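Report on the following structure.
In the numbering used here, the protein residues as written are 1 to 229.
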């Protein structure tokens, strides 16, 4: 069975959680001891065991998923935390296995990947999914338009929570093209209040509507940057 269809909506078992704990410990050392991560609005972070949560963040560094993990993902989580990753990473068996054990699944960049959209729609009710609506890292740190596919996921899955997130400073920690991260940098991550998108759910599904949904998400992410002290 291919990696694109083998994901099952079940919580991680003991040994998978142990593997996650080992990985989180490494990233905690790198990001929170050798660097500094400042967290804004702790009250908006998903509670342990919550599911049906979609975390939507801006994307400025390859380290962004790990910044979210060390600030929000609980040790020994009873539900899966998942995230899409670019399909190219799944060409290597070892990398594919590692990403898969962390709840990652492939997505084709640059065009609408209907299979990935279906996968996220299916898994979201029983998972926490972290997604970057821009689709790829911003080349200049500025927020890029969100992809309509994210709006379709929200429309179809109707998540219990959609949480906007703004990350700042991770691009200085690991700029594009750099292999090893810098040390003693400060990263700020701001968790916004859950968005009420229910007004869209009674409207007729369309690409235009999906774009309107994700536009609201992106506006909320930008507002977090503007409102930060």
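All C-beta atoms in this analysis are idealised placements derived from N, C-alpha and C, irrespective of residue type, glycine included.
Remember, predicted model here, so these are calculated numbers, not experimental data.
Whole-number beta carbon distance between residue 143 and residue 221, since they are thought to touch under 8 Å: 6 Å
query: Thinking C-alpha only, which one of 68, 214, 49 and 103 is nearest residue 40?
result: 68
message: Under 8 Å, with one C-beta from each stretch per pair, do the segment 154–162 and the segment 72–91 reach the 3-pair mark?
response: no
query: Within 8 Å (strictly less), CB to CB, does residue 101 reach chain C?
result: No chain C is part of this structure, which consists of one protein chain only.
query: Quick one, which of 14, 23 and 58 has its alpha-carbon nearest residue 225's?
result: 58
- prompt: What do you reckon, are the CB atoms on residue 195 and residue 229 nearer than 8 Å?
  reply: no
As assigned by DSSP and simplified to three states, the class of residue 151: helix
query: How about residue 80 and residue 103: do their beta carbons lie closer than 8 Å?
result: yes
query: Measuring from the CB of residue 130, is there a heavy atom of the ligand SAH at a distance below 7 Å?
result: Among the components of this structure there are no ligands whatsoever, and the ligand SAH is therefore not found.
message: If we require 3 or more residues per run, which beta strand (DSSP E) segments fall completely within the segment 159–199?
response: 161–168 and 186–191
field: Beta-carbon spacing of residue 204, residue 188 below 8 Å
entry: no
query: How long is the line joining the alpha carbons of residue 139 and residue 176, rounded to whole angstroms?
result: 8 Å
task: Give the straight-line distance between the Cα atoms of residue 200 and residue 208, rounded to the nearest whole angstrom.
output: 11 Å
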